[in-house]
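Written below as structure tokens is the structure these notes are about.
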Amino acid sequence: MLTMTGISKSYGETLVLNRASLVVEEDEIVALLGPSGSGKTTLLRLIAGLEVLDEGRLELAGEDITELVPEARGIGMVFQSLALFPHLDVAGNLRFGLPKRGDESRIDAMLDTVGLSGFGPRRIDSLSGGEAQRVALARSLIAAPRLMLLDEPLSSLDSELKSGLAMAVRDILKSAGIPAIHVTHDEVIAGLLADRVVRISDLSGVESAD
Amino acid sequence: MRPGRVNAVGVLVLVLWTAAVLVPLGLAWSQLAAVAEAGIIETLADFEGRFQSQGSLQFTFVIAFLSTVITLLLGVPLAWNLGRHRWPAHSLLRGLFTAPFVMPSILAAMGFLTLISVFESISGFDLRSNDEMQLAALLLAHAWFNLALVVRFCEPVLATVDPSLEEAARLLPRGRTRSDRLLRLWAPLLTPSLLAAAAMTFVFSFTSFALVRHLTPGRRNLEIVMANQADWAGIRIPELGRAASEIVMAASLVQLLTMVTALGLISWLQSRARRDISASVVDARTTAPVRSWKSVHLMMMAAFVLAPLLGVLVASLQVRQPAGLVWSFDGWRAAVGSQSATDLTSALGWSVAYAILTLVIALPLGFLLAENIHRAERMGHGRFAIAIDVLAMLPLALSAVMIGLGVLIGLLRTDVTMLRSWWIPAYGHVMITTPFVVRVLLPAIRAIDPDLDGAAALLGASPLRRLLSIRLPLLTPSLIVASALVVAISLGEFGASWVVVRFTEWSTLPVMVDELLSRPGFDPLLRPAANAAGVVLLLLTLVLFMMVERFRPLGRGGDF
Amino acid sequence: MRRCLAPFTLTLLMLTTAFAGCLGGDDGAEPVVTLRIISYDAFGVTDEMLGEFTHQTGIGIELTRVGDAGSVLSSVIHSEGTGLYDLALGIDNSYLGAALDAEVFQPLSTSRASLSARALAPYDGNLAIPFDVGSVCINYDTAHVDGENVTVPTSLWNFTGADWTGKVAVQNPRTSSPGRAFLIATTEYFADDADTSTDYTDWWSAMKANEVIVTDGWTEAYEVYYSAGYGQWNSGFIGDAKAVVSYCHSPGVEAYFNDNWTTSVALNLPGASFGQVEYAAFLIGSEQRMAIADRFVEWLVSAGVNSQMPTLNYMYPAIEGGDLPEDAGYRWHAVVPTDAVVSPAEIDENIATWLDGWDAAMA
Numbered sequence: 071m072l073t074m075t076g077i078s079k080s081y082g083e084t085l086v087l088n089r090a091s092l093v094v095e096e097d098e099i100v101a102l103l104g105p106s107g108s109g110k111t112t113l114l115r116l117i118a119g120l121e122v123l124d125e126g127r128l129e130l131a132g133e134d135i136t137e138l139v140p141e142a143r144g145i146g147m148v149f150q151s152l153a154l155f156p157h158l159d160v161a162g163n164l165r166f167g168l169p170k171r172g173d174e175s176r177i178d179a180m181l182d183t184v185g186l187s188g189f190g191p192r193r194i195d196s197l198s199g200g201e202a203q204r205v206a207l208a209r210s211l212i213a214a215p216r217l218m219l220l221d222e223p224l225s226s227l228d229s230e231l232k233s234g235l236a237m238a239v240r241d242i243l244k245s246a247g248i249p250a251i252h253v254t255h256d257e258v259i260a261g262l263l264a265d266r267v268v269r270i271s272d273l274s275g276v277e278s279a280d
Numbered sequence: 031m032r033p034g035r036v037n038a039v040g041v042l043v044l045v046l047w048t049a050a051v052l053v054p055l056g057l058a059w060s061q062l063a064a065v066a067e068a069g070i071i072e073t074l075a076d077f078e079g080r081f082q083s084q085g086s087l088q089f090t091f092v093i094a095f096l097s098t099v100i101t102l103l104l105g106v107p108l109a110w111n112l113g114r115h116r117w118p119a120h121s122l123l124r125g126l127f128t129a130p131f132v133m134p135s136i137l138a139a140m141g142f143l144t145l146i147s148v149f150e151s152i153s154g155f156d157l158r159s160n161d162e163m164q165l166a167a168l169l170l171a172h173a174w175f176n177l178a179l180v181v182r183f184c185e186p187v188l189a190t191v192d193p194s195l196e197e198a199a200r201l202l203p204r205g206r207t208r209s210d211r212l213l214r215l216w217a218p219l220l221t222p223s224l225l226a227a228a229a230m231t232f233v234f235s236f237t238s239f240a241l242v243r244h245l246t247p248g249r250r251n252l253e254i255v256m257a258n259q260a261d262w263a264g265i266r267i268p269e270l271g272r273a274a275s276e277i278v279m280a281a282s283l284v285q286l287l288t289m290v291t292a293l294g295l296i297s298w299l300q301s302r303a304r305r306d307i308s309a310s311v312v313d314a315r316t317t318a319p320v321r322s323w324k325s326v327h328l329m330m331m332a333a334f335v336l337a338p339l340l341g342v343l344v345a346s347l348q349v350r351q352p353a354g355l356v357w358s359f360d361g362w363r364a365a366v367g368s369q370s371a372t373d374l375t376s377a378l379g380w381s382v383a384y385a386i387l388t389l390v391i392a393l394p395l396g397f398l399l400a401e402n403i404h405r406a407e408r409m410g411h412g413r414f415a416i417a418i419d420v421l422a423m424l425p426l427a428l429s430a431v432m433i434g435l436g437v438l439i440g441l442l443r444t445d446v447t448m449l450r451s452w453w454i455p456a457y458g459h460v461m462i463t464t465p466f467v468v469r470v471l472l473p474a475i476r477a478i479d480p481d482l483d484g485a486a487a488l489l490g491a492s493p494l495r496r497l498l499s500i501r502l503p504l505l506t507p508s509l510i511v512a513s514a515l516v517v518a519i520s521l522g523e524f525g526a527s528w529v530v531v532r533f534t535e536w537s538t539l540p541v542m543v544d545e546l547l548s549r550p551g552f553d554p555l556l557r558p559a560a561n562a563a564g565v566v567l568l569l570l571t572l573v574l575f576m577m578v579e580r581f582r583p584l585g586r587g588g589d590f
Numbered sequence: 054m055r056r057c058l059a060p061f062t063l064t065l066l067m068l069t070t071a072f073a074g075c076l077g078g079d080d081g082a083e084p085v086v087t088l089r090i091i092s093y094d095a096f097g098v099t100d101e102m103l104g105e106f107t108h109q110t111g112i113g114i115e116l117t118r119v120g121d122a123g124s125v126l127s128s129v130i131h132s133e134g135t136g137l138y139d140l141a142l143g144i145d146n147s148y149l150g151a152a153l154d155a156e157v158f159q160p161l162s163t164s165r166a167s168l169s170a171r172a173l174a175p176y177d178g179n180l181a182i183p184f185d186v187g188s189v190c191i192n193y194d195t196a197h198v199d200g201e202n203v204t205v206p207t208s209l210w211n212f213t214g215a216d217w218t219g220k221v222a223v224q225n226p227r228t229s230s231p232g233r234a235f236l237i238a239t240t241e242y243f244a245d246d247a248d249t250s251t252d253y254t255d256w257w258s259a260m261k262a263n264e265v266i267v268t269d270g271w272t273e274a275y276e277v278y279y280s281a282g283y284g285q286w287n288s289g290f291i292g293d294a295k296a297v298v299s300y301c302h303s304p305g306v307e308a309y310f311n312d313n314w315t316t317s318v319a320l321n322l323p324g325a326s327f328g329q330v331e332y333a334a335f336l337i338g339s340e341q342r343m344a345i346a347d348r349f350v351e352w353l354v355s356a357g358v359n360s361q362m363p364t365l366n367y368m369y370p371a372i373e374g375g376d377l378p379e380d381a382g383y384r385w386h387a388v389v390p391t392d393a394v395v396s397p398a399e400i401d402e403n404i405a406t407w408l409d410g411w412d413a414a415m416a
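Residue numbers (our numbering), protein chains in the order written: chain A, 71 to 280; chain B, 31 to 590; chain C, 54 to 416.
Put into structure tokens, the structure is as follows:
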């Protein structure tokens with residue numbers, strides 16, 4: 071599904087990624103493990119197109135997306151900070167993921183799917199950590215992406231919530247049939263969510279920044 | 031966000047702005063250089079020797095420094111008092127204290143003079159003949175104007191600092207006493223904002239014109255020196271233009287270098303004092319001690335701010351008659367009638383029209399400039415970002431004489447009829463207001479969570495949609511404040527002399543006031559009429575500002 | 054703010070243009086021809102009168118006001134040949150030499166037959182037509198000059214004495230046209246007086262030593278510093294000066310507005326005053342025909358309009374027989390002095406030296 075070949079990225083003098091390569095199959099959830107500062111987030115941002123890579127090639131479903139702008143890649147991402155739009159309510163955030171003149175009923179359906187029925191009119195600052203987490207996921211999913219990127223989405227939650235939510239996320243992704251890359255430093259959660267766990271240092275030639 | 035891509039609109043805006051600021055400057059400079067003979071260093075060395083410029087360099091710098099000190103002394107307690115407590119009508123109070131900044135300085139001068147007369151008649155002291163008293167009045171007047179800056183910069187910080195910071199400090203050995211906390215917690219927290227406010231106060235006191243002219247009539251600062259030479263600077267007839275050109279070149283260079291340094295400092299300071307806009311902002315204010323001396327202090331400061339405005343009102347209602355000073359509406363009648371070359375209602379209309387036009391141009395322009403600065407910062411070009419910031423603020427550093435000359439020459443050479451067009455004064459209005467838009471929007475833009483834009487992009491939103499649906503709505507409070515500033519500054523023609531060549535048909539309120547005051551005042555109705563026009567202008571601005579503050583949420587959109 | 058900004062902006066723009074267009078038009082029909090006139094700030098002809106002119110002649114007037122006579126001249130020189138302005142009003146005989154040298158005026162065929170000898174004395178040609186006159190001289194406060202402690206000065210040297218220390222206000226000749234006029238008078242006065250060893254620079258140095266107050270404009274000197282002027286009732290009054298350089302008929306203007314009462318008197322000292330004449334001139338580069346410019350200047354020097362100069366402009370009319378009105382003692386309090394005689398050519402040749410001399414004396 072996703073083929074990453076020879077991705078390199080430097081910030082100034084620091085070489086963050088050195089010829090990293092990875093393949094993610096259709097329907098596969100891959101967990102990318104590594105300590106903080108090892109380039110995990112950078113890799114996700116490069117895949118999403120939010121940063122420009124120095125060298126390498128990205129292919130999604132056979133199409134070369136290396137030069138494409140983020141909005142054209144069809145990739146969804148849940149940010150570590152969740153990046154929920156504070157001036158819109160929950161339904162408004164989800165609506166953002168619908169195409170113009172999209173089917174509004176999909177919003178409620180998606181909220182049901184993530185277990186947040188009736189949360190449409192809720193304000194973002196009134197949500198708990200777990201609820202906000204799920205809204206962020208729902209928003210990305212409703213856009214029907216070809217690939218999901220999850221950047222340490224569970225790190226700010228307490229451990230009880232984490233495992234429950236990790237399973238829920240896995241279920242949702244699997245039933246929607248969307249492949250995903252999940253970046254985390256937590257081995258346990260990685261194991262719960264993903265089909266395959268890869269260490270970022272193993273991505274041929276990644277230099278750990280610590 | 032995709033730093034590799036060059037933003038075409040951004041570059042275009044930057045180029046246009048640079049041209050708008052630097053082309054007139056360049057034209058004026060080259061004309062002056064062509065007429066002047068002595069070099070700049072030579073002229074500066076001779077400044078003390080020439081009667082026309084004697085004492086102006088020291089006076090300008092001294093006044094600027096002293097004004098800054100006095101402003102901080104008056105402003106910091108006010109900002110503290112205002113910011114730390116939840117006062118009734120808090121937003122109206124904030125509006126009141128920040129309004130003086132946009133008042134036309136000629137009116138403030140008139141107001142202060144009236145106040146001084148009142149003091150003199152009550153106390154019997156002759157304040158005006160005394161040099162030190164004149165200086166004190168000038169410094170107080172500058173403080174009056176620039177209080178707004180201290181309040182604007184510091185109050186939002188004070189009102190929203192996480193209360194747990196102070197609580198934590200109280201429990202630690204170095205924070206047990208109030209003075210300890212003031213020194214080790216509050217001072218470092220506030221220092222960037224204070225320094226920025228101080229630098230801005232310095233800039234405005236340095237370039238002060240009407241107040242110096244009226245409150246300290248015997249003294250000249252650089253602006254006055256340049257204004258005196260304005261007629262002949264750049265005239266290509268050596269006997270007429272040489273001396274004037276030399277003086278203006280030297281003075282404007284000193285002003286430019288000093289101001290650019292101050293502006294660079296402000297830009298750098300503001301970039302270091304970042305605060306986040308999150309969905310919720312902590313309201314750190316405590317209940318207002320309504321029955322304490324703090325309340326009295328606040329009322330006294332409010333009285334201080336209102337006093338000159340009342341002075342203008344009083345002066346508009348007092349008419350000199352052979353019997354003496356009499357209370358009368360004759361001044362108002364004269365203003366509305368045909369006593370002046372323009373009348374009040376049409377001047378008001380034109381003021382509003384120009385204000386709207388300026389808003390429509392300056393707001394998007396300032397927004398795009400602020401975006402450019404932010405983009406440069408994010409791409410890691412910090413110094414370039416400061417350079418653009420200073421460039422955006424540059425109109426505040428340039429002398430009106432240079433710009434007036436530059437625009438005049440430029441248009442004379444290209445299209446003379448443009449000088450007569452009604453929208454040429456809009457150039458001056460836009461140049462003066464855009465820097466403030468940048469100052470207000472920039473901190474807000476910096477505080478937007480960068481991931482929001484990325485998230486929206488991944489959801490398929492085009493750059494335009496991201497701008498309209500995400501960035502602009504989040505900037506709404508700051509946009510409202512910036513709009514109010516633009517309208518208020520345009521109404522008052524803050525940098526009045528920036529408005530190049532006035533034509534009577536399109537006189538705005540400040541022009542009307544100026545006109546009335548520049549005629550020989552034998553006719554007892556002229557002064558009251560001018561003050562009447564002034565009252566209308568002041569009321570308009572004051573109401574505008576106080577209303578806008580109601581819409582500004584706590585802690586946001588506040589800094590300049 | 055969530056709505057699209059574009060239609061909002063567009064509406065504002067249209068409103069502004071509509072508003073502006075509505076305000077900018079005159080009432081009545083659009084005049085066929087428009088004369089663009091530049092004058093000094095204090096030019097007193099009202100909009101009504103100009104409107105009447107347009108009504109009578111069909112020529113519209115666009116009037117731009119700039120600082121003083123010097124500002125008018127400099128604006129004319131800057132814009133020379135571009136046709137930005139058609140007529141310039143207010144350049145006086147102290148600047149006329151420079152203006153003629155700069156060759157910025159073109160001839161008018163307005164008849165000068167009705168003008169007084171005094172108005173035509175400095176210049177009698179067709180490049181500049183006088184429209185008002187006045188004499189610049191010292192005014193003093195009779196409350197101070199009471200005849201016992203302080204006597205009426207009989208020579209300018211009196212002002213350098215102890216009675217007048219810090220009590221005389223003059224204007225900077227580089228920035229003020231009365232100041233300039235007075236300086237010119239002093240050059241002549243001290244050249245002509247009995248004492249051949251001293252000249253104007255000596256007197257000015259002595260004045261500086263005697264703490265003369267120098268202001269950059271007439272308003273500041275007269276309104277803020279002069280004790281017998283109308284400024285005494287204004288806020289911001291200082292009133293240190295008991296004598297000021299103004300016009301010899303200024304006391305008349307004071308009386309006129311103050312029910313025939315004032316303590317200000319003009320000093321009638323032969324040669325210590327300057328006869329100022331203000332001119333209307335047709336500019337080279339103007340698109341208008343001379344006939345059009347003539348119509349306006351004729352109107353300006355017509356009996357009906359020119360006789361109003363004392364109340365509009367606070368100056369004497371330029372026409373023969375024109376005088377100040379008698380109302381409220383305007384004429385009675387005014388003094389007609391014996392002016393110093395300095396021709397425009399002489400001024401043009403020497404003014405730079407005189408100004409530098411003044412600067413040096415004041416430094």
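Backbone N, C-alpha and C define an ideal beta-carbon position, used for all residues, glycine too.
Of all residues in the stretch 263-284 of chain B, those with a C-beta nearer than 7 Å to a C-beta of chain C are I265, I267, E269, L270, reading in chain order.
Per DSSP, reduced to three states, the secondary structure at S128 of chain C is helical.
Against chain B, the beta carbon of N311 of chain C has neighbours under 8 Å at P352, listed in chain order.
Taking the beta carbon of H252 of chain A as reference, no residue of chain B falls within 7 Å; the closest one sits roughly 16 Å away.
In the DSSP annotation of this structure, the continuous segment of the beta strand (DSSP E) that includes K79 of chain A starts and ends at 72-81. The beta carbons of C184 of chain B and V233 of chain B sit no closer together than 9 Å.
For the stretch 234-267 of chain C, the full-length alpha helix (DSSP H) segments reaching 4 residues or more read 253-262 along the chain.
The beta carbon of D419 of chain B sits closer than 6 Å to the beta carbons of S297, I403 from its chain, once the five residues preceding and following it are set aside; these are given in chain order. In this structure E137 of chain A is exposed. Its beta-carbon is surrounded by fewer than 16 other beta-carbon atoms within 10 angstroms. Under the three-pair Cβ rule at 8 Å, the stretch 126-134 of chain B counts as touching the stretch 159-179 of chain B.
Straight through space, the alpha carbons of P370 of chain C and F184 of chain C are spaced by roughly 7 Å. Using a Cβ-Cβ cut-off of 9 Å, G136 of chain C counts as an interface residue toward chain B, since at least one Cβ of chain B sits closer than that to its own. Note on the stretch 152-217 of chain C: whole alpha helix (DSSP H) runs with a minimum of 4 residues are 170-173, in chain order.
Nearest to L211 of chain A by alpha-carbon distance, out of A:D195, A:L92, A:N163, A:G107, is A:N163.
For the pair V119 of chain C and S147 of chain C, the CB atoms are not nearer than the 9 Å cut-off.
Per DSSP, reduced to three states, the secondary structure at A417 of chain B is helical.
In this model, L154 of chain A and V148 of chain A are separated by some 10 Å (Cα to Cα). One Cα belongs to P160 of chain C, the other to F335 of chain C, and the distance between them is close to 7 Å.
Between S429 of chain B and L241 of chain B, the CB-CB gap reaches or exceeds 9 Å. For W357 of chain B, the enclosing beta strand (DSSP E) begins and ends at 354-357.
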